[in-house]
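Notes follow the structure.
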């Protein structure tokens, strides 16, 4: 289920609130307005106002089983409206992803530009690692040889064509650069591998580019 209330960057526009409410109704027809408010991160009064409008516009229908219990369902028009909102939202997300990818490519260009092949390790298996992997595909001379993370819970997960592994792997493989793809722990990670610089390994903090 899409959890829109976890977003920290999308402004709570009218369309955003409507999408959150329609998703909540889609996944639970017996949901109460209070539960819709909790799931969407909106106030009860705001949900009540939106639901009234959505019912008036034929987007949502309400079935009253008794004075306390109500069911909410998306009408055919409601399902069509939900799909339209999801497609528009997805288009904006893809656009933001593309812009972020291009920004990373631009920032890395000065660090990874060269004629010979370049072997890179990503340190940090967070969501940003997926974005960095995608950006590095633009460099024909760059090869991602490993992705490592201190979190044992991430070992074995796959990003791109690489499986996240124990940082101890760094002692067994050859590489030219380490891109620290974790924002939250970049300084901590840098200090833990700082000695690699004496071995002519370039350490690149993604958040500091």
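In this note's numbering, the protein residues as written are -9 to 199. All C-beta atoms in this analysis are idealised placements derived from N, C-alpha and C, irrespective of residue type, glycine included.
Boundaries for residue 191: no alpha helix (DSSP H) harbours it, and the DSSP string shows neither H nor E there. In this structure residue 17 is exposed. Its beta-carbon is surrounded by fewer than 16 other beta-carbon atoms within 10 angstroms. In summary, residue 173 is exposed, with fewer than 16 beta-carbon neighbours lying within 10 Å of its beta-carbon over all protein chains present. Put simply, of 113, 199 and 164 the residue whose alpha carbon is nearest the alpha carbon of residue 144 is 113. By the Cβ neighbour-count rule, residue 30 is buried, with 16 or more other Cβ atoms within 10 Å of its own.
The alpha-carbon separation between residue 162 and residue 118 amounts to approximately 25 Å. Around the Cβ of residue 171, a 10 Å sphere holds 16 or more other Cβ atoms; the residue is buried. DSSP places residue 152 in no alpha helix (DSSP H) but in the uninterrupted beta strand (DSSP E) bounded by 152 to 155. Rounded to the nearest angstrom, the gap between the Cα atoms of residue 52 and residue 78 is 26 Å. For the 7 Å CB-CB criterion, residue 167 and residue 110 form a contact. Closest option to residue 120, judged by alpha-carbon separation, among 102, 152, 46 and 183: 152.
Leaving aside the five residues that flank residue 140 on each side, the residues in its chain whose CB is nearer than 7 Å to its CB run, in chain order, 157. Runs of the alpha helix (DSSP H) lying entirely within the segment 90 to 128 and spanning at least 4 residues, in chain order: 117 to 126. Annotation for residue 5: the continuous alpha helix (DSSP H) segment containing it runs 4 to 17. CA-CA distance, residue 169 to residue 83, rounds to 25 Å.
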